[in-house]
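> Numbers in my numbering are just positions in the sequence shown, counted from 1, shifted up by 88.
For each residue, glycine too, the CB sits at the ideal point set by N, CA and C.
Following this message is one structure expressed as structure tokens.
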Amino acid sequence: MMIMDTNPPALSASLIISFYNKPETLALVLQSVRNQSAGSFEILIADDGSSEETVEKLSKLIKDFRFPVRHIWHEDKGWRKNAILNRAAAAASSDYLIFIDGDCILHKHFVKEHINHRKTGTVLTGRRVYLSPAATSLILQSGDFRKVYSLPVVLRLLYDRYADQSSAHLENALYLGNMFLRKFINRKDRGVLGSNFSLYRNDLIRINGFDEQYTAPYVGEDTDLEYRLRLAGMQVKTLKHLAIQYHLFHQRQEKNTLNEEIFKKTKSEGRYYAEKGINQYLASGS
Numbered sequence: 089m090m091i092m093d094t095n096p097p098a099l100s101a102s103l104i105i106s107f108y109n110k111p112e113t114l115a116l117v118l119q120s121v122r123n124q125s126a127g128s129f130e131i132l133i134a135d136d137g138s139s140e141e142t143v144e145k146l147s148k149l150i151k152d153f154r155f156p157v158r159h160i161w162h163e164d165k166g167w168r169k170n171a172i173l174n175r176a177a178a179a180a181s182s183d184y185l186i187f188i189d190g191d192c193i194l195h196k197h198f199v200k201e202h203i204n205h206r207k208t209g210t211v212l213t214g215r216r217v218y219l220s221p222a223a224t225s226l227i228l229q230s231g232d233f234r235k236v237y238s239l240p241v242v243l244r245l246l247y248d249r250y251a252d253q254s255s256a257h258l259e260n261a262l263y264l265g266n267m268f269l270r271k272f273i274n275r276k277d278r279g280v281l282g283s284n285f286s287l288y289r290n291d292l293i294r295i296n297g298f299d300e301q302y303t304a305p306y307v308g309e310d311t312d313l314e315y316r317l318r319l320a321g322m323q324v325k326t327l328k329h330l331a332i333q334y335h336l337f338h339q340r341q342e343k344n345t346l347n348e349e350i351f352k353k354t355k356s357e358g359r360y361y362a363e364k365g366i367n368q369y370l371a372s373g374s
């Protein structure tokens, strides 16, 4: 395992970004991280085995960054996102963890809202806008995350929403500072979204982190995690209209039936503690 490190000061949170071989996308995400209104957090890039060429590009992206950055990498042996997330969480310097994906641009108050609403025994989860292929292309071509707020992109999203539904949940872009209005709108229970959630590190350790039995996307990063957190007595609180993301388009991967079987077994056993999880990394912190 490789770690590139810049030593952090006292931190309010550790922002863990899952990543694999898409530096041009991560560059936009990091621009939005640099623009955050919160100031005292570190970044851990949880890299599921990106190539040497990608790692070189990444080292340039994080050089002289506004916040402390660590790049945590393991060898590419197929999809092992849960393992690298566990490694990153074990290595985190803060006692509060925020998880995002490396293809999600952040609203400027994203980190602040997660930090301000944190509570022991509670998982916070926000929501995201799904950008269409055309809108994503416009943003990537510009090389500037702020393009997501530009009139051409907004008009494109509106067109795509009604033309072919390739953009979705545009209402999630609405930032609502008024607590009473949010409560009125957010009466529906929201599940944990793997690209947009946070919790105390000890709460994650309590369930032994992410279950590394999952070696393919779907279920393991969020559905399984939420089930086990709730089983352990934790609450889920929505940050919809506060912790906002803009998801850059990519082709969706097929659902994995083996994952469904693993999850079915976990539920039948009523087990919240992962058989293979974060505990194996805690002694070394990596």
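Would you tell me roughly how many angstroms separate the C-alpha atoms of residue 163 and residue 151, rounded to the nearest one?
Here residue 163 refers to the residue found at position 75 of the sequence shown. Here residue 151 refers to the residue found at position 63 of the sequence shown. Here the alpha carbons of residue 151 and residue 163 stand approximately 23 Å from one another.
> Let me know the secondary structure DSSP gives residue 338 once reduced to three states.
Translated into the one-based positions of the sequence shown, residue 338 becomes position 250. Residue 338 falls in the coil class under three-state DSSP.
> Would you kindly check if the distance between the Cβ of residue 101 and the Cβ of residue 186 is under 7 Å?
One-based indexing of the sequence shown puts residue 186 at position 98. One-based indexing of the sequence shown puts residue 101 at position 13. Yes, Cβ-Cβ distance for residue 186 and residue 101 is below 7 Å.
> In the DSSP output, which residue or residues are listed as bridge partners for residue 324?
Start at 1 with the first residue of the sequence shown, and residue 324 comes out as number 236. Looking at the DSSP assignment, residue 324 forms a beta bridge with 211.
> Helix, strand or coil, according to DSSP, for residue 126 in the structure here?
If you number the sequence shown from 1, residue 126 lands on position 38. Residue 126: coil per DSSP, three-state reduction.
> Check whether the stretch 204 to 219 and the stretch 329 to 340 touch, using three or more Cβ-Cβ pairs below 8 Å as the test.
yes
> From residue 290 to residue 208, what does the alpha carbon distance come to, in whole angstroms?
Here the question's residue 290 lines up with position 202 in the sequence shown. Here the question's residue 208 lines up with position 120 in the sequence shown. So the alpha carbons of these two residues sit roughly 9 Å apart.
> Which of the three DSSP states, helix, strand or coil, is assigned to residue 262?
Residue mapping note: residue 262 aligns to position 174 of the sequence shown, counting from 1. DSSP places residue 262 in coil when its eight states are reduced to three.
> Mind checking residue 193: buried by the 16 CB within 10 Å criterion, or exposed?
Taking the sequence shown and counting its residues from 1, the one referred to as residue 193 is at position 105. That one is buried.
> Between residue 103 and residue 199, which are expected to be in contact by the criterion C-beta below 8 Å, what is the C-beta distance as a whole number of angstroms?
The residue you call residue 103 lines up with position 15 of the sequence shown. The residue you call residue 199 lines up with position 111 of the sequence shown. The pair is a contact, with the Cβ atoms about 6 Å apart (cut-off 8 Å).
> Whose C-beta lies closer than 6 Å to the C-beta of residue 339 among residues of the same chain, with five residues either side of it excluded?
The sequence position of residue 339 within the sequence shown is 251, counting from 1. If we look at residue 339 and ignore the five residues flanking it on each side, it has no Cβ neighbours.
> Let me confirm a value: residue 268 is counted as buried when at least 16 other C-beta atoms fall within 10 Å, else exposed. Which label applies?
Within the sequence shown, numbered from 1, the residue matching residue 268 stands at position 180. Classification of residue 268: exposed, given that the 10 Å Cβ count is below 16.
> Relative to the C-alpha of residue 159, which residue among 202, 314, 174 and 132 is closest?
What you label residue 159 is simply residue 71 of the sequence shown in a count that begins at 1. Of 202, 314, 174 and 132, the residue nearest in Cα terms is 132.
> So, with DSSP's three-state summary, where would you put residue 333?
In the sequence shown, the residue the question calls residue 333 occupies position 245. Strand, per DSSP.
> Verify whether the separation of the beta carbon atoms of residue 212 and residue 202 is less than 7 Å.
Here residue 212 is taken as the residue at index 124 of the sequence shown, counted from 1. Here residue 202 is taken as the residue at index 114 of the sequence shown, counted from 1. Taking 7 Å as the Cβ cut-off, residue 212 and residue 202 qualify as a contacting pair.
> In this structure, how does DSSP classify residue 99 when only helix, strand and coil are distinguished?
Within the sequence shown, the letter at position 11 stands for residue 99. Residue state, collapsed to three classes: coil.
> For residue 204, is the classification buried or exposed, using 16 other Cβ atoms within 10 angstroms of its Cβ as the cut-off for buried?
Position 116 of the sequence shown, counted from the start, is the residue given in the question as residue 204. Exposed: under 16 other Cβ atoms inside 10 Å.
> Using the beta-carbon count (16 or more within 10 Å), is residue 266 buried or exposed?
Taking the first residue of the sequence shown as position 1, residue 266 is located at position 178. With fewer than 16 Cβ atoms within 10 Å of its Cβ, residue 266 is classed as exposed.
> Runs of 3 residues minimum, wholly inside the stretch 267 to 301: which ones carry the beta strand (DSSP E) assignment?
284 to 288
> Have a look at residue 145 and residue 301 and give me their C-alpha separation to the nearest angstrom.
Numbered from its first residue, the sequence shown carries residue 145 at position 57. Numbered from its first residue, the sequence shown carries residue 301 at position 213. Taking the straight line from one Cα to the other gives about 31 Å.
> So what's residue 248 in DSSP terms, helix, strand or just coil?
On the sequence shown, position 160 is the one that residue 248 refers to. Helix.
> With distances taken from CA atoms, which of 315, 165 and 271 is nearest residue 292?
Residue numbering aside, residue 292 sits at position 204 when the sequence shown is read from its first letter. Nearest option by C-alpha distance: 315.
> Anyone know if the C-beta pair for residue 361 and residue 296 falls short of 7 Å?
Counted from its first residue, the sequence shown places residue 361 at position 273. Counted from its first residue, the sequence shown places residue 296 at position 208. Cβ atoms of residue 361 and residue 296: closer than 7 Å.
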